[in-house]
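In this text, residue positions in the sequence shown follow the numbering used here: the first is 37, and each later residue adds one. For glycine and all other residues, C-beta sits at the position ideal for the given N, C-alpha and C.
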Amino acid sequence: MIKILVDCFGGDHSPQAPVEGALAALRTFPDLHVMLTGDKLLLQKELEGKSFDKNRLEIVHAPEVIGCEEKPTDVVRLKRDSSMMKAIILLRDRDDIAGMVSTGSTGALVTGALVRLGRIPGVIRPAFCPLLPTMDGGLVGVCDSGANVEVTPAHLRQFAIMASLYLENVYGVQHPRVALLNVGKEAEKGDELRQETYKLLQETPSVHFVGNMESRDLLSGSYDVVVADGFSGNVLVKTTEGTALELLKKLKKDIYSRTLYKLGALLMRRMFQEEKAFMNYQNYGGSVLLGTSKVVVKGHGSSKAVAVEKCIEQAYRMEKSRLSAQIEQEIAKYEHYED
């Protein structure tokens, strides 16, 4: 049985979305056990009238709430009975728990994971790796996307190794094509960091490095993993997601502007529904934190039930594939770098 903790009081749609997402995941995976952390009375109320296997779901009482303005370090030190910190501490202390999912504060989650859980041996810094859909029906991971603003070539090489293993073992992508986010495709492009990283990735046999990538090509389907510092990667992901959402809004507005367009849209209704689903980030789960000693998945704060379900599925599949052990084994093949 694979046990996954779900922080039920961090997102915009809590606790409804985490609870419904957890119940959906339980229906999908018969060997999944879910532990919901949060206010017990509120969670019990949310579960009333719902059908689920009571032997595979339990509630961990965590009454404290994390405020939007609270500093991550204060949360880690002072909010041990919050739904997020209770989950992190349980994940650290119990060998039978595989991972956790949270839609709460990113800063608190990263700080808590680093301080309480620690890293996989050999990993310098854990990194976020969200997934986006590509135009050919595949997926592309961006690593890092917010955990590390300042990085070195050694960090970026480890990001490439960890993300490659993630795409290969969890999503079945054979020999993931890895690109380095840069201002141009030529090898000499970019600053000293990017140029040194380019050379280092060329010297890494376990990474199928295909060169630099310009941001406009992210969804082209030509790449499976894009390596970046946390600042650039975060801007890239959020810009891409925001552009997709705004295009959907404009398309809807234009359709309703003329009767002829409405008639045409009616005939193309199925196609529009498919495109909407394709561009909806809720359908692709969350951003996994690669490199921590236990599985951690961070969902969008605005995650609804389907997104939480996908996050739980990510955590489940990461544990099922023994990804952490594979990362440790692969990282050990290369020289250890100081932070």
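**Inter-residue spacing [alpha-carbon to alpha-carbon] between V176 and R161** = In a straight line, the C-alpha of V176 is about 21 Å away from that of R161.
**Request:** Would you kindly report the start and end of the unbroken alpha helix (DSSP H) that includes T73?
**Result:** No alpha helix (DSSP H) contains T73, which is instead part of the beta strand (DSSP E) from 68-74.
**Request:** Could you tell me whether the Cβ atoms of V262 and L217 are closer together than 7 Å?
**Result:** Cβ distance < 7 Å, so V262 and L217 count as in contact.
**Asked** What are the boundary residues of the alpha helix (DSSP H) that includes F164?
**Response** Unbroken run through F164 is the beta strand (DSSP E), 163-165; no alpha helix (DSSP H).
**Prompt:** Between I363 and the rest of its own chain, which residues show a CB-CB distance below 6 Å, the 5 nearest in sequence each way excluded?
**Reply:** Cβ neighbours of I363 beyond the five flanking positions: I156, M198, L201.
**Prompt:** Are there 16 or more other CB atoms within 10 angstroms of the CB of C179, so buried, or fewer, so exposed?
**Reply:** Flag for C179 reads buried.
**Prompt:** Which stretch, first to last residue, makes up the alpha helix (DSSP H) that contains C347?
**Reply:** That run of the alpha helix (DSSP H) goes 341-356.
**Prompt:** In three-state DSSP terms, what is L41?
**Reply:** Taken through DSSP and simplified to helix, strand or coil, L41 comes out as strand.
**Message:** Threshold first: 3 residues or longer. Then list the beta strand (DSSP E) segments lying entirely within the stretch 228-254, N to C.
**Reply:** Unbroken beta strand (DSSP E) runs of no fewer than 3 residues, entirely contained in the stretch 228-254, are found at 244-249, following chain order.
**Prompt:** What is the residue span of the alpha helix (DSSP H) that E94 lies within?
**Reply:** Element bounds for E94: not the alpha helix (DSSP H) but the beta strand (DSSP E), 93-97.
**Prompt:** At a cut of 8 Å, does the stretch 166-174 reach the stretch 234-251 through at least three beta carbon pairs?
**Reply:** Two segments are said to touch when three or more pairs of C-beta atoms, one from each, lie closer than 8 Å; by this definition the stretch 166-174 does not touch the stretch 234-251.
**Message:** When you compare the CB positions of L41 and A123, do they come within less than 7 Å of one another, or not?
**Reply:** Going by C-beta atoms, L41 is nearer than 7 Å to A123.
**Nearest to G173 (by Cα), restricted to the options V151, R193, V209** = Comparing Cα positions, the closest option is V209.
**DSSP state of D375 mapped onto helix, strand, coil** = Summary for D375: the model assigns pLDDT 45, below 50, so the residue's position carries little reliability, and this model does not support an answer.
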